[in-house]
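*Asks:*
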Amino acid sequence: DVKVTQSSRYLVKRTGEKVFLECVQDMDHENMFWYRQDPGLGLRLIYFSYDVKMKEKGDIPEGYSVSREKKERFSLILESASTNQTSMYLCASSSGQGARNQPQHFGDGTRLSIL
Amino acid sequence: DAKTTQPPSMDCAEGRAANLPCNHSTISGNEYVYWYRQIHSQGPQYIIHGLKNNETNEMASLIITEDRKSSTLILPHATLRDTAVYYCIVRVAGTYKYIFGTGTRLKVLA
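Going line by line, the protein sequences match chains A and B. Our numbering puts the first residue of the first sequence at 18, with every later residue one more than the last. Our numbering puts the first residue of the second sequence at -6, with every later residue one more than the last.
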């Protein structure tokens, strides 16, 4: 079974702090994704990566950056946390083998509160 | 981008088949349909996906109409643990982008 592990289930930080969310997958997947999920807005893609050191912006990249130094690990960074970044953050991974139809597999999420 | 439309909620008796419909009338020829479910406070769980043929796995069956404008997810023998929000998703062709809608909240009743 695919395992996507997010480092924290719950996190509380203060405005202005630099926040790191970590995600690790154990299936040797090429692609990794960061989403945020908010009531009424569904899941929105922040960034994704299709290879080590490669990244592409999703729909809402402002205020975020990412890092992928190793294939199995994808980090989301909130450069200077703000209250409007309070949300559920979800990491996902998928195989890059063959066509892009391989499904994404999600972690259990990090519920981040910015005070 | 192809959008999906699902009923907001459904009930199903335990042990009966749960049939969850999805409309995706603007889907293009090479776009896949994916189904996920999300149980409260967990991440979305992949269930099944397909292009044009019907698909079955250990969790569910996916029936796609011949014109591909709609599909149905079938949970053959629903249990209380199947209570969740079910999302029907179309992946934007040529990208990794999923478009999540608001899903169907399925409640399995004892």
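We put the beta carbon where it would ideally sit given N, CA and C, even for glycine.
1) Output yes or no for whether 8 angstroms exceeds the beta carbon distance between Y25 of chain B and L44 of chain B.
2) Q35 of chain B touches chain A at which residues, Cβ-Cβ below 8 angstroms?
3) Please tell me whether T95 of chain B has its Cβ less than 8 angstroms away from any Cβ of chain A.
4) Hey, could you find the ends of the beta strand (DSSP E) P56 of chain A is sitting in?
5) Taking only beta-carbon atoms, is H46 of chain A less than 8 angstroms away from chain B?
6) Tell me whether K47 of chain B is buried or exposed, calling it buried when 16 or more other Cβ atoms sit within 10 Å of its Cβ.
7) Under three-state DSSP, which class holds D113 of chain B?
8) So is A53 of chain B buried or exposed if we call it buried at 16+ other beta carbons inside 10 Å?
9) Under 8 angstroms, Cβ to Cβ, is there at least one residue of chain B near L107 of chain A?
10) Relative to the C-alpha of M105 of chain A, which residue among A:D55, A:M44, A:T32 is closest?
11) Pair every Cβ in the region 93 to 110 of chain A with every Cβ in the region 121 to 130 of chain A, then say whether three or more of these pairs are closer than 8 angstroms.
12) May I ask you to list the residues that DSSP assigns as paired with S104 of chain A?
13) For T88 of chain B, write down the residues that DSSP places opposite it in a beta bridge.
14) Can you pull out the residues from the region 39 to 68 of chain A whose beta carbon lies closer than 9 angstroms to at least one beta carbon of chain B?
15) In angstroms with no decimal places, state the Cα-to-Cα distance between S84 of chain A and A98 of chain A.
16) Which bits of chain B does P120 of chain A rub up against, with CB to CB less than 8 angstroms?
17) Near D76 of chain A, which residues of its chain fall below 7 angstroms by C-beta distance, leaving aside the five closest residues on each side in sequence?
18) So, are the CB atoms of G113 of chain A and Y52 of chain A less than 8 angstroms apart?
*Replies:* Well, looking at it:
1) yes
2) D125, G126
3) yes
4) That residue, P56 of chain A, is in no beta strand (DSSP E); it is neither H nor E in DSSP.
5) no
6) A small correction: the amino acid at residue 47 of chain B is Asn; Lys does not occupy that position in the sequence shown. By the C-beta density criterion, N47 of chain B is exposed, having fewer than 16 other C-beta atoms within 10 angstroms.
7) The first residue shown for chain B is -6 and the last is 103, placing residue 113 of chain B beyond what the model contains.
8) buried
9) yes
10) A:D55
11) yes
12) A:L129
13) None, per the DSSP bridge assignment.
14) N48, F50, Y52, Q54, G57, G59, L60, R61, L62, F65, Y67
15) 17 angstroms
16) Y27, Y39, H42
17) R61, L62
18) no
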